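K.L.:
Would you mind keeping the following structure in view while I ask a few things?
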Amino acid sequence: MSDKILYGYTGIFDTPDEIILAANKVAEDGYKKFDVNTPYPVHGMDNAMKLPVSKLGYAALIFGLTGTISAVTLMYFLSVFDYPIVIGGKPFFAFPAFVPIIFEVTVLAASIATVVTMIALFFKFPNISHPLHDTEYMKKVSSNKYGILLQADDLKFTEESAKELLAKLGAKDITAIYYDQAEISTEHKIFEPKFISLLIIIAVVVSGSTYFALNKLMFMVPFNWMMEQSKIIPQDNNSFFSDGKAMRTPIEGTVARGNMPYQFKGDPESAGKYLKNTLLPTEKNLDLGKKKYDIYCSPCHGYYGEGDSRLRGQFPNPPSLHSEKVRTWTDGRLYHVITEGQNIMPSYASQMTRKERWATILYLRVLQRSLNAKESDLE
Amino acid sequence: MNEIDYTREIPVIEGRPALREIDDLIAKPLETKPDKKYYLALAVTLTMTGIGAIALLLSFYYGTGLWGNNNPVGWGLPIVNFVFWVGIGHAGTLISAILFLLRQRWRNGIARFAEGMTIFAVMTAGIFPLIHVGRPWLAGYLFPYPNQHSLWVNFTSPLLWDVFAVSTYFTVSFIFWYVGLIPDFATLRDRTSNKIKKLIYSVTSLGWRHSNRHWQHYEMVYLILAGFATPLVLSVHTIVSFDFAVSIMPGWHTTIFPPYFVAGAVFSGFAMVQNVLIFIRKIFNYEHIITLNTLERMNKIILLTGSMVGYAYAMEFFIAWYSGVQPEQFTFINRAFGPYAWAYWIMVSCNVIFPQLFWVKKIRRSIPIMFVIAVLVNVGMWFERFVITVTSLSRDYLPSSWAYYAPTLVDGAILLGSFGFFFTWLLLFTKTLPVVSIAEVKAVVEGSQPSHGDH
């Protein structure tokens, strides 16, 4: 017996009234380290044991507010800075529409954190072994008896006085509880290599399976069926046709809708001579021209046609559009350059409709005029 | 007639059982081998689940074209079933959280079971939005994580709110349930002599030793969780109703939807809990724990919420007329007299008319009659979701896009499978975990609380 270390003395009571009285007496006697074990929470026991109110409410408050703030911050950052998209005409930071998610995240964070706090702090998980476990005492109090425990590490505790006090209170089955060899260490097991390696294994398995699911599984049969479908796409081979191509050429003589052959191919002089701009320099046409000029011409020619490219030397700078030569070119000659390209400039026939080309020329004339204004323009 | 003593509260648990008897009674299903009837029931539910699983596999292989969903009715049976099952779950949280906050001690006998039903119902419900996207393995995109498209989810969409609401609801319900189970695991740990069971219960009880220093924090956590679960349960079906109410469909775009959906959810959930409890109390001899008084109280709640649902039906018609909006008016007339009139009148009779029989005390206390009425309530509530989803979509603003929706055999098989899935979990639950909370029931047995206390 002497090599065992004493944990405390226990006594059993039969009714809730007795246990409340006993707990109260023990507390009044000056014991600090004692405990009451009951199969269900007995009303009024916290007062009888003189326990302060549980502080878990603060944990709920703190973690709940953390959840609220992180939800607001995350949604604010994502929808205002990281990837702003207008949805349904709402502002980027659509607070009323964010309320449901803020609420849910708050509840989730607070609930999980409060329970984890209770388990880690008050139940001292993963230290789940305890001298009381597997004793006759535990078997009784977990079913139908009410027990009281005086711990040996209390300052007032002596074996004699504890036994005497329990007997005086009318407790039955007064027994001593000893530590098991394994339970003597009071260190928190959360730092034990075993527990930490368990956490590491869980982390590796979770992240590994997530990686596998997202980066490998999604590209395997049958999950890739949407990506690889058994249909023929334009550049495919196809043995069905004699030329082996999937793509078919149009029947000879077919003309695409809106197609108009350009009759001055490779003949800029005639284009300048015969082509006339039929658009009038109205506000609408000039607006259209400015829009198209800014999109297609300005990257190289600059917003004002001065040849100040925005491409930082990745593409040779073109000459200014304000030169004598370009100013004296007819509209038709300019139209030819846009349509066919010139030197290093490519053709813009496929990007701009005929009307857009003519409107751009009108706008170019405005730009040229602005640098070479006449006296009469001031009137 | 006997004199009734109104100065004494009717005991929640009848017959003053000894605490040890309660242990024995509740732990009995876990300590005995299941009988033939249990295996038979399990075989039936597993068959139903299997039929549903085959239907799902076919749907994934051939695509959702196997379902009845067509062009105007893009939300067919999957969404109907989703709303139905989420609704079933609500009764559990109402019983465990709201009735706990209201200090309704009769809830202690049925809370654990109802919470279990919540969890299984939400699991069942969760299947439907996933399968409805057609490729459920891509559901990960619903969560805001930094992906390679550097795109985020749409935080202003009710469908995303749903993702957050349902996943939060499941997690919190599960935690709440588990916290309630901790003391019971400890009791079971100290009862069993089987080594493997002992190991499992030792781990799951987290070292619980019924210490009052733990009970104190435990009760605080329980209170806090109940406090969070109460607004949560109201928010979940509110958000489910937003899926409809935030759109501009006639018949959906109404502000009455959130309270109306919540009342409907509690209504159908209580009916389902009542149905299953009638069997549980009979099979496991819990008649004195889940008393007739408890069932009667549940029937009163069914009556109350049923009347609220009936009020909502009437109010929808009134507002459609009062608003003067033509498509709204047409939608409601179309509901009652259009091609889906059969579904509408099933809904009205099951939800509004039959539950009114509960005004009669004899009917409230007659087990066969209350069982039938509760079954009808669940039929009615399923049809309510059908009527809301399908009638509005099948006939919206443009008559040229109208079409009739009829579910296919595959749809029906999936619905059958969802019932199988739910009841399979329920059956496994009854044999693996205490279906009545041991600690909570002991706390409300007569004489279990000190007599000189505050009550």
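Listed in order, the protein sequences are those of chains H and U.
Letter by letter, the first sequence follows residues 11 to 389 in our numbering.
Letter by letter, the second sequence follows residues 807 to 1261 in our numbering.
We put the beta carbon where it would ideally sit given N, CA and C, even for glycine.
Every value quoted in this text rests on a predicted model; they were computed, and no experiment measured them.
Can you tell me where the alpha helix (DSSP H) holding residue 1089 of chain U begins and where it ends?
P.N.:
Residues 1063 to 1089.
K.L.:
In this structure, does DSSP put residue 387 of chain H in helix, strand or coil?
P.N.:
Residue 387 of chain H falls in the helix class under three-state DSSP.
K.L.:
Among U:1203, U:1225, U:1241 and U:869, whose alpha-carbon lies nearest the alpha-carbon of residue 1086 of chain U?
P.N.:
The option with the nearest alpha carbon to residue 1086 of chain U is U:1241.
K.L.:
Judging by CA-CA distance, which residue of U:1155, U:1026, U:1002 and U:916 is the nearest neighbour of residue 837 of chain U?
P.N.:
Selected option, being the one with the closest Cα: U:1002.
K.L.:
In chain U, what lies closer than 7 Å to residue 67 of chain H by C-beta?
P.N.:
Correct list: 1026 and 1030.
K.L.:
List, in chain order, every chain H residue whose beta-carbon is nearer than 7 Å to that of residue 960 of chain U.
P.N.:
97, listed in chain order.
K.L.:
Go ahead and pull the three-state DSSP assignment for residue 247 of chain H.
P.N.:
In the structure shown, residue 247 of chain H sits in a strand (DSSP, three-state: E or B).
K.L.:
Taking C-alpha atoms, which residue in H:170, H:177, H:225 and H:133 lies nearest to residue 988 of chain U?
P.N.:
Selected option, being the one with the closest Cα: H:133.
K.L.:
Could you tell me which whole alpha helix (DSSP H) segments of length 4 or greater appear in the region 23 to 98 of chain H?
P.N.:
You should have 26 to 38, 55 to 58 and 66 to 86.
K.L.:
Any beta carbon of chain H sitting closer than 8 Å to that of residue 1034 of chain U?
P.N.:
Interface residue, yes.
K.L.:
For the alpha helix (DSSP H) holding residue 1281 of chain U, just list the boundary residues, first then last.
P.N.:
The question about residue 1281 of chain U has no answer here: the residues shown for chain U are numbered 807 through 1261.
K.L.:
I want to see whether chain H comes within less than 8 Å of residue 1013 of chain U, judged by CB atoms only; does it?
P.N.:
For residue 1013 of chain U, the answer is yes, since a Cβ of chain H falls inside 8 Å of its Cβ.
K.L.:
Going by CA-CA distance only, name the one from U:1220, U:1145, U:1167 and U:1230 that's closest to residue 885 of chain U.
P.N.:
Of the candidates U:1220, U:1145, U:1167 and U:1230, the one whose C-alpha sits nearest the C-alpha of residue 885 of chain U is U:1220.
K.L.:
Taking the alpha helix (DSSP H) that residue 1107 of chain U falls in, what are its first and last residues?
P.N.:
Its alpha helix (DSSP H) spans residues 1098 to 1129.
K.L.:
In angstroms with no decimal places, state the Cα-to-Cα distance between residue 116 of chain H and residue 174 of chain H.
P.N.:
Whole-angstrom Cα-Cα distance: 52 Å.
K.L.:
How would you call residue 806 of chain U, buried or exposed, if buried means at least 16 neighbouring beta carbons within 10 angstroms?
P.N.:
Residue coverage of chain U in this structure runs from 807 to 1261, which leaves residue 806 of chain U outside it and unanswerable.
K.L.:
For residue 234 of chain H, I'd like the list of residues in its chain whose CB is within less than 8 Å of its CB, leaving aside the five on either flank, ordered along the chain.
P.N.:
Contacts found: 228.
K.L.:
Closer than 7 Å, Cβ to Cβ, to anything on chain H: give me those residues from the region 985 to 1005 of chain U, in chain order.
P.N.:
Within the region 985 to 1005 of chain U, the qualifying residues are 985, 992, 993 and 996.
K.L.:
When the distance is taken between beta carbons, is residue 136 of chain H closer than 8 Å to residue 205 of chain H?
P.N.:
Yes.
K.L.:
What does residue 1016 of chain U reach in chain H if we use C-beta pairs closer than 7 Å?
P.N.:
Near residue 1016 of chain U (Cβ distances below 7 Å), the residues of chain H are 47, 48, 49, 151 and 152.
K.L.:
Are there three or more Cβ pairs, one per stretch, closer than 8 Å when the region 962 to 971 of chain U is compared with the region 1035 to 1045 of chain U?
P.N.:
With a cut-off of 8 Å, the region 1035 to 1045 of chain U and the region 962 to 971 of chain U count as touching, because enough Cβ pairs lie within range.
K.L.:
Is it buried or exposed for residue 354 of chain H, if we count other Cβ within 10 angstroms and need 16 for buried?
P.N.:
Its Cβ having fewer than 16 others within 10 Å, residue 354 of chain H is exposed.
K.L.:
In terms of residues, what are the limits of the alpha helix (DSSP H) holding residue 297 of chain H?
P.N.:
Where residue 297 of chain H is concerned, the enclosing alpha helix (DSSP H) stretches over 293 to 302.
K.L.:
Against chain H, with Cβ distances strictly below 8 Å, would residue 970 of chain U count as a contact?
P.N.:
Cβ-Cβ to chain H under 8 Å: yes for residue 970 of chain U.
K.L.:
Here's the rule I'm using: 16 or more other beta-carbon atoms within 10 Å means buried, otherwise exposed. How should residue 158 of chain H be labelled?
P.N.:
Looking at its Cβ environment, which holds 16 or more other Cβ atoms inside 10 Å, residue 158 of chain H is buried.
K.L.:
Assign residue 12 of chain H to one of two classes, buried (16 or more other C-beta atoms within 10 Å of its C-beta) or exposed (fewer than that).
P.N.:
Low confidence applies to residue 12 of chain H: its pLDDT is 48, below 50, so where it sits in the model is not reliable enough to give any reading.
K.L.:
List the endpoints of the continuous alpha helix (DSSP H) containing residue 927 of chain U.
P.N.:
Start and end: 917 to 938.
K.L.:
Consider the Cβ of residue 1008 of chain U: report whether some Cβ of chain H lies at a distance smaller than 8 Å.
P.N.:
So yes, residue 1008 of chain U belongs to the interface.
K.L.:
Closest to residue 111 of chain H by C-alpha separation, out of H:184, H:42, H:85 and H:297, would be which residue?
P.N.:
Nearest option by C-alpha distance: H:85.
K.L.:
So, does the CB of residue 94 of chain H fall closer than 8 Å to a CB anywhere in chain U?
P.N.:
No, residue 94 of chain H does not count as interfacial toward chain U.
K.L.:
Kindly indicate if chain U contains any beta-carbon less than 8 Å away from that of residue 166 of chain H.
P.N.:
No, because no Cβ of chain U sits closer than 8 Å to the Cβ of residue 166 of chain H.
K.L.:
In three-state terms, what does DSSP make of residue 161 of chain H?
P.N.:
In the structure shown, residue 161 of chain H sits in a strand (DSSP, three-state: E or B).
K.L.:
Are the C-beta of residue 912 of chain U and some C-beta of chain H separated by less than 8 Å?
P.N.:
It does not: the Cβ of residue 912 of chain U has no partner Cβ on chain H nearer than 8 Å.
K.L.:
Would you kindly work out how many angstroms separate the C-alpha atoms of residue 150 of chain H and residue 57 of chain H, rounded to a whole number?
P.N.:
So the two alpha carbons sit approximately 24 Å from each other.
K.L.:
At the 8 Å Cβ level, is residue 129 of chain H part of the contact set with chain U, yes or no?
P.N.:
It does: the Cβ of residue 129 of chain H has a partner Cβ on chain U nearer than 8 Å.
K.L.:
When DSSP labels each residue in this structure, what does residue 816 of chain U get in the three-state scheme?
P.N.:
Three-state DSSP puts residue 816 of chain U in coil, outside helix and strand.
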